[in-house]
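Enquirer: When you line the sequence shown up against the working numbering, it's residues 2 to 109, in that order.
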Amino acid sequence: MQTTLAKYHIGQIVRHRKHPFRGVVFDVDAMFSNTDAWYEAIPEESRPAKDQPFYHLLAENDQTYYVAYVSEQNLVADNSGEPVDHPDLSDLFGDFEDGRYPLQFQLN
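1) Work out the CA separation of Pro54 and Leu6 for me, nearest whole Å.
2) Is the stretch 26 to 42 touching the stretch 56 to 65 in the sense that three or more CB pairs, one from each, lie closer than 8 Å?
3) Mapping the DSSP letters down to three states, classify Leu76 as helix, strand or coil.
4) For the beta strand (DSSP E) holding Ala60, just list the boundary residues, first then last.
5) Counting Cβ pairs, one atom from each stretch, are 3 or more of them under 8 Å apart for the stretch 10 to 17 and the stretch 79 to 89?
6) Assign Val71 to buried or exposed, taking buried as 16 or more other Cβ atoms, counted over all protein chains shown, within 10 Å of its Cβ.
7) Taking the alpha helix (DSSP H) that Asp92 belongs to, which residues open and close that run?
Structure below.
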């Protein structure tokens, strides 16, 4: 059995290395766990390896908010100290503090 350690954690703010967006990690897959169609839509020269952590982000750019799925190799920590404004943050996290969002949600 292969063990994979994720570099980033839930509630952490990260940025994409190549594209102008940042987001808050809300889930982590130890290795690629999306559809083949999604993977094949990435240009071959830019496709990340599947055997690394992939992160689900509540993401934002200058124009919109969305959910992103990004490989670890394409992320860097965002140390700007600035909060993210994604409208769904309050569904999963508490208030921004000390550069991160604490996980906070109601279980039924």
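C-beta: ideal position from N, C-alpha, C; glycine also. Here the structure is a predicted model, which is why all the values come from computation and not from measurement.
Expert: In short, the structure shows the following:
1) 8 Å
2) yes
3) strand
4) Phe55 to Glu61
5) yes
6) buried
7) Leu90 to Leu93
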